[in-house]
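K.L.:
Take this structure, written in structure tokens, and hold onto it; I'll ask about it next.
Residue numbers (our numbering), protein chains in the order written: chain B, -15 to 92; chain E, 324 to 489.
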């Protein structure tokens, strides 16, 4: 199943995991230690983050280390940027409407 | 015309709120009219090339606005706003929801809670908008949907993105 990035950050535990792996690469055990939840629950969250392509993994010996894929997080910023531009465009139009209102009043 | 008026835009993911502040070079009475009178509101609410169409609007507490965003390819996105509180030229609040053209709510999409504040200072008017969503995934859904359906992308915005990608 193809997941999208918004599913990934919709959950508070997953957001916390993302914050943790931003700072350093961690093993699933090291991540699980940070939460008052079962190892299985954390594994499930890691699996989802992985499916969203938010994590980079590399193997050291028998351990797998997870780290944040920065590029993917930038997608969220891009989305917000679109949203922001929508408002900027709206407001530029409103500026013009207000100028028209003013000149209409001056005509009377 | 390029506006040099600053816009303050922030997303608070902790409480799933979008905050937008913008100053307008006009007295509060004009800005208030532009936000609350349908024939003026429709002139600016949709970013070009989209158009805004208000089918009905009863601007009073308990009243509603049924409106659509009309796309260049004939797309229609209907929404229904329920006005919950109005303090003339100071503030109004409403609950926004997706609906059909008859105003029947679409339960698949999240509602958002809008709080729009007006303040006149030195002949200009500061508008502060707070859009609250029930949870973060709702907020993301709105943003994501807007992106996919294209209505949040004004043509100028697209141009900028293409410029940046070159």
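All C-beta atoms, glycine included, are put in the ideal place defined by N, C-alpha and C.
Quick check: the Cα distance between residue 365(E) and residue 375(E), rounded to an integer number of angstroms?
P.N.:
What you label residue 365(E) is simply residue 42 of the second chain in a count that begins at 1. What you label residue 375(E) is simply residue 52 of the second chain in a count that begins at 1. Going by the C-alpha atoms only, they are around 5 Å apart.
K.L.:
I need the straight-line Cα distance from residue 69(B) to residue 62(B), nearest angstrom please.
P.N.:
On the first chain, residue 69(B) is found 85 positions in, with the first residue counted as 1. On the first chain, residue 62(B) is found 78 positions in, with the first residue counted as 1. Computed Cα separation, rounded: 11 Å.
K.L.:
Return helix, strand or coil for residue 399(E), following the three-state DSSP convention.
P.N.:
Taking the first residue of the second chain as 1, we reach residue 399(E) at position 76. Of the three classes helix, strand and coil, the one that applies to residue 399(E) here is strand, per DSSP.
K.L.:
How would you list, in chain order, the residues of chain E whose beta-carbon sits under 8 Å from the beta-carbon of residue 86(B)?
P.N.:
Reading the first chain from its first residue, position 102 is the one you call residue 86(B). Near residue 86(B) (Cβ distances below 8 Å), the residues of chain E are 349 and 353.
K.L.:
Is any beta-carbon of chain B found at less than 7 Å from that of residue 372(E)?
P.N.:
The residue given as residue 372(E) occupies position 49 in the second chain. Chain B contact via Cβ: absent.
K.L.:
Please list the partners that residue 357(E) has in chain B, where partner means a Cβ-to-Cβ separation under 9 Å.
P.N.:
Working through the second chain from its first residue, we reach residue 357(E) at position 34. Here the neighbours are 78, 81, 82 and 85.
K.L.:
Using DSSP bridges, identify the partner residues of residue 346(E).
P.N.:
As a first step, residue 346(E) is located in the second chain; it is residue number 23 there, counting from the start. Residue 346(E) pairs with 449(E).
K.L.:
Excluding five sequence neighbours on each side, which residues of the same chain lie with their C-beta closer than 8 Å to the C-beta of residue 488(E)?
P.N.:
Looking up residue 488(E) in the second chain gives position 165. Low per-residue confidence applies at residue 488(E): pLDDT is 38, beneath 50, and the placement is therefore not dependable, though the value from the model is reported in the following sentence. Closer than 8 Å at the Cβ level, and outside the excluded window around residue 488(E), lies no residue.
K.L.:
State whether the segment 331 to 343 of chain E contacts the segment 380 to 387 of chain E, with contact taken as three or more CB pairs (one from each stretch) at a distance under 8 Å.
P.N.:
Result no; under three Cβ-Cβ pairs closer than 8 Å.
K.L.:
Would you say residue -15(B) faces chain E, with C-beta separation under 7 Å as the test?
P.N.:
One-based indexing of the first chain puts residue -15(B) at position 1. Legend: pLDDT at residue -15(B) = 49, less than 50; position of this residue unreliable, no value from coordinates given.
K.L.:
Please list the partners that residue 334(E) has in chain B, where partner means a Cβ-to-Cβ separation under 7 Å.
P.N.:
The residue labelled residue 334(E) in the question sits at position 11 within the second chain. Chain B residues near residue 334(E): 64.
K.L.:
Would DSSP call residue 430(E) helix, strand or coil?
P.N.:
Within the second chain, residue 430(E) is the residue found at index 107, counting from 1. Looking at residue 430(E) - three-state DSSP - the assignment turns out to be coil, as it is neither helix nor strand.
K.L.:
Helix, strand or coil for residue 481(E) per DSSP?
P.N.:
Here residue 481(E) corresponds to residue number 158 of the second chain, with the count starting at 1. Low local confidence applies: a pLDDT of 32 at residue 481(E) is under 50, so the model's placement there is unreliable, with the coordinate-based value given in what follows. Residue 481(E) falls in the helix class under three-state DSSP.
K.L.:
Taking only the alpha-carbon atoms, compute the straight-line gap between residue 73(B) and residue -3(B) and give it to the nearest angstrom.
P.N.:
In the first chain, residue 73(B) corresponds to position 89, counting from 1. In the first chain, residue -3(B) corresponds to position 13, counting from 1. Rounded to whole angstroms, residue 73(B) to residue -3(B) spans 36 Å at the Cα level.
K.L.:
Is it right to say residue 370(E) is buried, meaning 16 or more other beta carbons lie within 10 angstroms of its own, or is it exposed?
P.N.:
Locating residue 370(E) in the second chain gives position 47, counting from the first residue. Buried, since its Cβ has 16 or more Cβ neighbours within 10 Å.
K.L.:
Step through the CB atoms of chain E and report whether any lies within less than 7 Å of the CB of residue -2(B).
P.N.:
The residue given as residue -2(B) occupies position 14 in the first chain. False, the Cβ-Cβ gap to chain E never drops below 7 Å.
K.L.:
Please confirm whether residue 406(E) and residue 386(E) have their CB atoms less than 7 Å apart.
P.N.:
Position 83 of the second chain, counted from the start, is the residue given in the question as residue 406(E). Position 63 of the second chain, counted from the start, is the residue given in the question as residue 386(E). A contact, by the Cβ cut-off of 7 Å.
K.L.:
Please list, in chain order, all residues of the same chain as residue 25(B) whose beta carbon is under 6 Å from its beta carbon, the five residues on each side excluded.
P.N.:
Within the first chain, residue 25(B) is the residue found at index 41, counting from 1. Counting only Cβ-Cβ distances below 6 Å, and skipping sequence neighbours, we find nothing.
K.L.:
I want to verify the contact list: residues of chain B whose CB lies under 8 Å from the CB of residue 363(E), in sequence order.
P.N.:
As a working mapping, residue 363(E) is identified with position 40 in the second chain. Residues of chain B passing the Cβ test: 81 and 85.
K.L.:
For chain B, check one thing: does any of its Cβ atoms lie closer than 7 Å to the Cβ of residue 388(E)?
P.N.:
The residue you call residue 388(E) lines up with position 65 of the second chain. False, the Cβ-Cβ gap to chain B never drops below 7 Å.
K.L.:
On the premise that residue 49(B) lies in contact with residue 4(B), defined as a C-beta separation below 8 Å, what is that separation, rounded to the nearest angstrom?
P.N.:
As a first step, residue 4(B) is located in the first chain; it is residue number 20 there, counting from the start. As a first step, residue 49(B) is located in the first chain; it is residue number 65 there, counting from the start. Not confirmed; about 12 Å, so no contact.
K.L.:
If you compare alpha carbons, which of 35(B), 21(B), 32(B) and 52(B) is closest to residue 2(B)?
P.N.:
As a first step, residue 2(B) must be located in the first chain, where it is residue number 18. Nearest C-alpha to residue 2(B): 52(B).
K.L.:
Note down the Cα distance separating residue 401(E) from residue 358(E), rounded to an integer number of angstroms.
P.N.:
Numbered from 1 along the second chain, position 78 holds the residue referred to as residue 401(E). Numbered from 1 along the second chain, position 35 holds the residue referred to as residue 358(E). If I take the Cα positions, the gap works out to 18 Å.
K.L.:
For residue 448(E), count neighbouring Cβ atoms within 10 angstroms of its own Cβ and tell me buried if that reaches 16, exposed if not.
P.N.:
Numbered from its first residue, the second chain carries residue 448(E) at position 125. Flag for residue 448(E) reads buried.
K.L.:
Is the CB-CB distance between residue 424(E) and residue 403(E) below 7 Å?
P.N.:
Locating residue 424(E) in the second chain gives position 101, counting from the first residue. Locating residue 403(E) in the second chain gives position 80, counting from the first residue. The answer is no: Cβ separation not under 7 Å.
K.L.:
Taking C-beta to C-beta, are residue 435(E) and residue 454(E) nearer than 7 Å?
P.N.:
As a working mapping, residue 435(E) is identified with position 112 in the second chain. As a working mapping, residue 454(E) is identified with position 131 in the second chain. Yes. Within cutoff.
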